[in-house]
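Visitor: Dropping the structure in here first, questions after.
Protein chains: 2
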Amino acid sequence: MFRTHTCGELRAADVNQEVTLAGWVQTVRKFGSITFVDLRDRYGITQLLFSEALNAQLDENPLGREFVLQATGKVNERSNKNKNIPTGDVELLVESFTILNKSVTPPFTIQDDTDGGDDLRMKYRYLDLRRNAVKKNLELRYAVNRATRDYLHQQNFMDIETPFLIKSTPEGARDFVVPSRMNPGEFYALPQSPQTFKQLLMVSGYDRYYQIVKCFRDEDLRADRQPEFTQIDCEMAFVKQEDVLNMFENLIKYIFKTVKGIDYSEAVERMSWQEAMWQYGNDKPDIRFGMKLLNIKYPRHVFADKEENAHLVDGADFQVFDAAETVIAIAVPGCSEYTRKQTDELTEWVKRPQIGMKGLVFIKCNADGTYKSSVDKFYSEEKLKAIADAAGAKAGDLVLILAGAEERTRKATSELRLEMGKRLGFRKDDEFKLLWVLDFPLFEYAEEENRWVARHHPFTSPKPSDIDTMINNNPAIENAAEYLKHPYANIKANAYDMVLNGNEIGGGSIRIYQKELQQKMFEALGMDAEEQQHKFGFLLGAFEYGAPPHGGIAFGFDRLCSIMGGSESIRDFIAFPKNNSGRDVMLDAPSAIDDKQFTELQIKLDLKD
Amino acid sequence: MFRTHTCGELRAADVNQEVTLAGWVQTVRKFGSITFVDLRDRYGITQLLFSEALNAQLDENPLGREFVLQATGKVNERSNKNKNIPTGDVELLVESFTILNKSVTPPFTIQDDTDGGDDLRMKYRYLDLRRNAVKKNLELRYAVNRATRDYLHQQNFMDIETPFLIKSTPEGARDFVVPSRMNPGEFYALPQSPQTFKQLLMVSGYDRYYQIVKCFRDEDLRADRQPEFTQIDCEMAFVKQEDVLNMFENLIKYIFKTVKGIDYSEAVERMSWQEAMWQYGNDKPDIRFGMKLLNIKYPRHVFADKEENAHLVDGADFQVFDAAETVIAIAVPGCSEYTRKQTDELTEWVKRPQIGMKGLVFIKCNADGTYKSSVDKFYSEEKLKAIADAAGAKAGDLVLILAGAEERTRKATSELRLEMGKRLGFRKDDEFKLLWVLDFPLFEYAEEENRWVARHHPFTSPKPSDIDTMINNNPAIENAAEYLKHPYANIKANAYDMVLNGNEIGGGSIRIYQKELQQKMFEALGMDAEEQQHKFGFLLGAFEYGAPPHGGIAFGFDRLCSIMGGSESIRDFIAFPKNNSGRDVMLDAPSAIDDKQFTELQIKLDLKD
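So the protein sequences, as listed, match chains P and E. Numbers in our numbering are just positions in the first sequence, counted from 1, shifted up by 906. Numbers in our numbering are just positions in the second sequence, counted from 1, shifted up by 906.
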């Protein structure tokens, strides 16, 4: 060993001990004839004191930032202690030292607040990883990993590795494929998830399976998506939805406790998908704050059992509301005194292409009980008050109203709510709110192909009460315009998403385990018997030999870590991430391959111009 | 939950409890009006008793093997207890039952001794995994996984995930490559190991890293090799070889203790690569038994410092020995009375193409002190005795002698030794002997290219005492015939292999961390500066910014598990293995992909006829 102790280890009790440290030079400070060096490693920083006697040697071997240094000497009590670091009571009186390796000047400073931009830090990721901020993220990631394994082990889950070179069965997302040299003309696919394997393991009787495992999706990368990502992947046999919810909300609570010291003792809230859409305009609502949506007008065929408030806006000849399919309001607390400039800015905000609204209506609920609105000329103060009251606004609040086509308007109002929540400080990094979203529709309608697609995936079971509906009806859609009247449109999935602070951190379902039902599902998705057999013959086969009821969940590990770490960016929690073009700029990958590789794989390029 | 207890849980103390079990029907036995069913799950087997009252229901819903059954009733003490299973004191008096799923007749029996052949079992792997024999293997694998993580965690190692989509830098083995849709014409490679990433993590200061991680090699598959395999991958900074050896022999001892209950308290033996080759003809000797090699003749330029025994065979006009480069004997205990048929069979054995020898010479050391040999006409009894004595043979032993070219003869003698050890029962599945093999040559000579290749990999450091030799000599080989005289031929690597029962279970090295030395290594391997920069620019770059001394090891996880489980086949310890053509016969992968995929990836097939 090049050291007897780490740089985070020495304390007052170690004074007078002879020790050797090794680490990186963080700073060099010369005071007259003596030199102080802060030596850094993974565990901390220890101050080294080079006395005058070493000056000749230091002159011959000058130290620089990020040099790798080994130093031996006695532990000394410091006269002016540094209370900010655990080793601050002591320093090392250096007797001898060796420069183990030199460093040229780093392209950015190795500090929490580095001067390096994103591109530079990614190119020199091995230096970026030295920064304390990044190290803390990876340490948190390891702690979450460890806590997850401990909890699942205690609950009798077994880590069973599933293969990475599998079969391409592109359903939703695109597969990455791998040409097989030994089987020319054929390709493996990298798994988008171990879904079918974990189901097979249930058929095999393994009962409780888990894996923390890399998955791959060849999708166009939106900000903060990675082509390879990590899942906590779990499956259980002989369970119903309630069992899965209990098991895994306790997993997350265990992680909170172990990793963050947070007692999340309250019950995890639950909400149906429809309520989430109704109250928050979003299937993953951030429930750290209220500001719920007031649906003034909405399409009755989507939200049939809801109270209509259209009378609040109807009949005032305000064309925008009259023509709108949907009108939704939120009451923003304490913002009634927004200036014209501020409301204009909000209007511009909702008109940005990402939000895509035509305008914004507001009602100021003044502190003195009066109301002021951008649509004063259409609505009396009484009407304005009625709308504001219905939206739950109090004196001092600002009511914001969006109107337009249902889907876009609902989404936009949700975005506006989140934005206002953020601006007003309602979305705190250190406050955590879990939520189960339940009762999703099993199917979505794919307009282009005039058929159903699975909202979750094709292995998700309908609610037990909907199985007969699914079995006994023809999935074909005769009348595209009236697809919502097809019996399949109302089938609910036995599926659940876990939402943390407005992020979907996990999702799962009770699975289909009956061959006939699985075939019906494949049929609904437009697969004929031959295609079913070609793609999923092994699964349909497995269901013939005694498949047990089963269900599971998968958590997005990168996302879970980033939210636990109070960050929006998953990249900061991945040791070697890729950029938005799927490139590793440090490695310069992907890259061209040799002719020999093409020849062996029996493929060639077919580049479009 | 579909159950209150598992099928392995109920005991005498549970008698009279009302419980519900769920599992698979192992057997159905009818005795008069009552029916016994053995119900199986991951945890065990519990006997169910269906009384006469349920007969009508059973007639309507007949049970069959591998049906999934849920049964509720009272726990009953059995009159004739089954001492062989933990639940054997009780049975479940069924009050009601539900068939959760049916099963058609499985293609083979779900038993330890199944009637299913390899192909059938692989096709229906989900049924094969139900067999107790396979389940025990996967449970052992999980236990080794768990013990590994626990030990490394205690030792401050951090699990840090490294990427799977990296850059193709084919050195030794072939890479699997992945076409990048977003970067047309470019490819990722799947990692053969996280080698360079773990070194970068050391440069980043992470100090102690580990991962249990999938790796990929596109090699022609010999029996029991898999295109994807799992490594326990570890790296440490600020260490010397001795530190690594101690850390990781203690890991293996911890696994022995935790998983197998074996106290491996003795010191792990160590042997230089040269001694292993000299004494066992093998760089991964099985030291559970002796029968060491006696080198009678050997090439002096390879084993310069060894005692020559050629006088024992020289000058007898026995052309085979006189012409041979190498003559090696082993003394097989207690086999002097082998019949002609037996020695003939051994002769045929060494003549098989896999062994490739021209013949076998033997000396029987009879119990009465006389000697009898296949080369009696060349050697007097006195000479035969001298050879036998030198080989360490006692009365009753059989000396076997092979002669020929050095490399082949040494390998063949090693194979013969292992075969005889196996036949004589010296290689016990439940005896475990660890060995470190040290001091490997750093380079091997590649005849075709007349250059050096790295024996371990290009990141392995030479012994500290050999660094000057490496730096100060030109790696080019002027005289191919005399390559052994090149200074590089004698450079030893700072590398180590861990051998368990004749299998290399792990290997590693102290790494190069100096840029100049790494460049010299690349140069020795025939890479010019441009190629170095293209392939490993990131690593050479990292070495400029303060790289610490570091080293590590990687264990073959599949192999380690199989040896711990007393099996020769790693396939039995992998949930979903591939066959020798790299195919997953259950999935039928690899397979053809869609035209759309080719178009998107901008590649096409280029099949040879």
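The beta carbon of each residue, even a glycine, is placed where N, CA and C say it ideally should be.
Determine the contact status of Asn1062 of chain E and Arg1114 of chain E, defining contact as a CB-CB distance below 9 Å.
Guide: yes
Visitor: By DSSP, does Pro1370 of chain P sit in helix, in strand, or in coil?
Guide: helix
Visitor: For Leu1397 of chain E, does the three-state DSSP call read helix, strand or coil?
Guide: Residue identity check: residue 1397 of chain E is Ile in the sequence provided, not Leu. It is coil, neither helix nor strand.
Visitor: Please list, in chain order, the chain E residues whose beta carbon lies closer than 8 Å to that of Lys1369 of chain P.
Guide: Those do not exist, as Lys1369 of chain P stays about 17 Å from chain E at its closest Cβ, beyond 8 Å.
Visitor: Buried or exposed: where does Gln963 of chain P fall if 16 or more other Cβ atoms within 10 Å of its Cβ makes it buried?
Guide: exposed
Visitor: Please name the residue in E:Pro1012, E:Asp995, E:Pro1100 whose C-alpha comes closest to that of Trp930 of chain E.
Guide: E:Pro1012
Visitor: Quick one: does Gly1488 of chain E have its CB under 9 Å from some CB of chain P?
Guide: By this cut-off, Gly1488 of chain E is an interface position.
Visitor: Any beta carbon of chain E sitting closer than 9 Å to that of Gln1503 of chain P?
Guide: yes
Visitor: Report yes or no: is there a C-beta of chain E within less than 9 Å of the C-beta of Tyr1057 of chain P?
Guide: no
Visitor: Give me, in chain order, the residues of the same chain whose beta-carbon lies closer than 6 Å to that of Pro1368 of chain P; leave out the 5 immediate sequence neighbours on both sides.
Guide: Leu1348, Met1376, Ile1397
Visitor: Just how far apart, CA to CA, sit Ala977 of chain P and Asn986 of chain P?
Guide: Straight-line Cα distance between these residues: approximately 22 Å.
Visitor: Name the chain P residues that come within less than 9 Å of Arg1316 of chain E, Cβ to Cβ?
Guide: Taking a Cβ-Cβ cut-off of 9 Å, Arg1316 of chain E has no neighbours in chain P, whose nearest Cβ is about 32 Å from it.
Visitor: In chain order, what residues of the stretch 1208-1227 of chain P put their CB closer than 8 Å to some CB of chain E?
Guide: none
Visitor: What residues in the stretch 1074-1098 of chain E bring their beta carbon closer than 8 Å to a beta carbon of chain P?
Guide: Ser1074, Pro1076, Arg1080, Asp1081, Phe1082, Val1083, Val1084, Pro1085, Ser1086, Arg1087, Met1088, Asn1089, Pro1090, Gly1091, Glu1092, Phe1093, Tyr1094, Ala1095, Leu1096
Visitor: Please report how far the alpha carbon of Glu1436 of chain E lies from the alpha carbon of Val1084 of chain E, in whole angstroms.
Guide: 24 Å
Visitor: Is Glu924 of chain P helix, strand or coil by DSSP?
Guide: strand
Visitor: To which residues of the same chain is Arg1037 of chain E closer than 8 Å at the C-beta, ignoring the five residues directly before and after it?
Guide: Ile1016, Gln1017, Asp1018, Thr1020
Visitor: Looking at chain P, is there any beta carbon in it that lies within less than 9 Å of the beta carbon of Met1183 of chain E?
Guide: no
Visitor: So Gly1408 of chain E contacts chain P; which residues on that side make the cut at Cβ distance below 8 Å?
Guide: By Cβ distance, chain P contributes nothing, its closest Cβ being about 26 Å from Gly1408 of chain E, past 8 Å.
Visitor: With burial defined as no fewer than 16 other Cβ atoms inside 10 Å of the residue's Cβ, what is the status of Pro968 of chain P: buried or exposed?
Guide: exposed
Visitor: Is DSSP giving His1363 of chain E helix, strand or coil here?
Guide: Coil, per DSSP.
Visitor: Could you spell out the range, first to last residue, of the beta strand (DSSP E) harbouring Asp1139 of chain E?
Guide: The continuous beta strand (DSSP E) containing Asp1139 of chain E extends over residues 1134-1143.
Visitor: Assuming Gly1443 of chain E is part of the alpha helix (DSSP H), what are its boundary residues?
Guide: 1435-1448
Visitor: In chain order, what residues of the stretch 1137-1158 of chain P put their CB closer than 9 Å to some CB of chain E?
Guide: Ala1143, Phe1144, Val1145, Lys1146, Glu1148, Asp1149
Visitor: Three or more C-beta pairs closer than 8 Å, one from the stretch 1188-1204 of chain E and one from the stretch 1338-1353 of chain E: is that the case here?
Guide: Contact holds: three or more Cβ-Cβ distances are below 8 Å.
Visitor: For the stretch 1073-1081 of chain P against the stretch 1093-1105 of chain P, are there 3 or more C-beta pairs whose distance is under 8 Å?
Guide: yes
Visitor: Report the rounded CA-to-CA distance for Ser1468 of chain P versus Glu1337 of chain P, giving the unit in angstroms.
Guide: 14 Å
Visitor: What does the alpha-carbon distance come out to for the pair Gln1508 of chain P and Phe1135 of chain P?
Guide: 30 Å
Visitor: For Ala928 of chain P, which residues in chain E fall below 9 Å Cβ to Cβ?
Guide: Ala1143, Phe1144, Pro1454, Pro1455
Visitor: Report yes or no: is there a C-beta of chain P within less than 9 Å of the C-beta of Gln1060 of chain E?
Guide: Cβ-Cβ to chain P under 9 Å: no for Gln1060 of chain E.
Visitor: Under 9 Å between the Cβ atoms of Ala1294 of chain E and Asp1282 of chain E?
Guide: no
Visitor: Run down chain E in chain order and give the residues with a C-beta less than 7 Å from the C-beta of Tyr1451 of chain P.
Guide: Glu972, Ser1009, Val1010, Pro1012, Leu1033
Visitor: Helix, strand or coil for Met1177 of chain P? Go by DSSP, reduced to three states.
Guide: Met1177 of chain P falls in the strand class under three-state DSSP.
Visitor: Taking the alpha carbon of Ile1066 of chain P as the point to measure from, which residue in E:Ser1074, E:Tyr1048, E:Ile1072 has its own alpha carbon closest?
Guide: For the residues E:Ser1074, E:Tyr1048, E:Ile1072, the minimum Cα distance to Ile1066 of chain P belongs to E:Tyr1048.
Visitor: 9 Å is my cut-off, CB to CB: does Tyr949 of chain E come that close to chain P?
Guide: Cβ-Cβ to chain P under 9 Å: yes for Tyr949 of chain E.
Visitor: For Ala1352 of chain E, which of helix, strand or coil comes out of DSSP?
Guide: strand
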